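One structure below.
Residue numbers (the UniProt record's numbering): 1 to 300.
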């Protein structure tokens with residue numbers, strides 16, 4: 001699941017999150033860890049321009065700091081950046097941060113990367129917004145090298161070059177899973193050819209089969225080998241019968257009913273689904289997490 005509180009876009013934030021903070025994040029993370037969730041995810045924005053602040057809000061926790069904070073309070077749940085806008089930073093800096101996170105968490109990192117969409121962020125940090133796709137392509141290659149097993153990683157590209165600079169600690173995982181986010185044709189191609197997995201950006205169910213077929217086609221044409229994880233973001237969920245308006249798009253019902261609906265994703269070729277629960281309070285959210293883990297997940 002994507003963590004609440006740490007990002008508060010009006011598209012998905014619940015009212016109670018505005019007054020929430022670190023203690024609430026800890027309780028949510030521990031609840032997800034106990035319930036058997038596979039990962040917790042955090043977003044990445046450096047700054048939100050005034051023109052977008054009303055819709056996106058300016059609450060966006062740093063993903064490395066947030067996931068490291070939660071790593072110390074959890075035992076098994078994995079830690080996903082969904083997604084890190086890695087083109088905003090030099091790949092050696094990104095590698096240092098995320099290698100340390102993987103080391104401190106005992107090998108629980110999943111590095112999710114994406115191109116970004118807020119032009120003012122790029123301009124403020126001196127990065128060419130209009131070339132962000134090419135920048136991300138090379139960042140992925142550079143990160144593959146910098147997060148590998150070598151103490152002195154090496155990369156020579158058009159935008160970045162480094163060698164002879166030792167970086168320890170190394171990640172526990174070899175390799176660190178790298179999932180690519182986005183649903184544009186360029187993002188899907190990048191995921192298929194450069195990633196270990198794909199994080200769609202809210203594709204509805206009727207769009208997913210064509211996107212998955214395209215990924216398979218691209219990987220087959222390129223002769224790509226190895227495991228590849230296809231993701232999806234499910235509709236908002238509420239386990240049980242709500243006694244308040246949870247919105248017409250929200251899936252509600254008993255465990256078997258919800259599981260039957262969610263199994264449709266597996267039939268499409270999806271390997272992992274990201275879930276979000278409607279809630280009016282922290283307590284209601286952690287109750288939903290517990291109910292999903294205990295009653296719905298076994299049916300999946």
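All residues carry an ideal CB built from backbone N, CA and C; glycine is no exception. Quick caveat, the model's predicted, so the values are computed rather than measured.
Asked: Distance CB(residue 65)-CB(residue 105) smaller than 7 Å; Found: no
Asked: Distance, residue 220 Cα to residue 137 Cα; Found: 20 Å
Asked: Option in 160, 243, 7 and 212 with minimal Cα separation from residue 89; Found: 160
Asked: Short Cβ contact (7 Å threshold) for residue 3 with residue 40; Found: yes
Asked: Pick from 18, 188 and 171 that is closest to residue 179, judged by C-alpha positions; Found: 188
Asked: Among 125, 162 and 130, nearest to residue 141 - alpha-carbon criterion; Found: 162
Asked: Pick from 197, 96 and 240 that is closest to residue 153, judged by C-alpha positions; Found: 96
Asked: Reference residue 242, options 229, 175 and 279, closest by Cα; Found: 279
Asked: Where residue 162 falls: helix, strand or coil (DSSP); Found: strand
Asked: Span of the alpha helix (DSSP H) around residue 105; Found: Unbroken run through residue 105: none, as it is neither H nor E.
Asked: Residue 232: first and last residue of the uninterrupted beta strand (DSSP E) it sits in; Found: 229-233
Asked: Spatial distance of residue 264 from residue 126 (CA atoms); Found: 44 Å
Asked: Residue 291 vs residue 230 beta-carbon contact at 7 Å; Found: no
Asked: Beta bridge counterpart(s) of residue 60 as assigned by DSSP; Found: 7
Asked: For residue 155, the residue or residues it bridges with in DSSP; Found: 162
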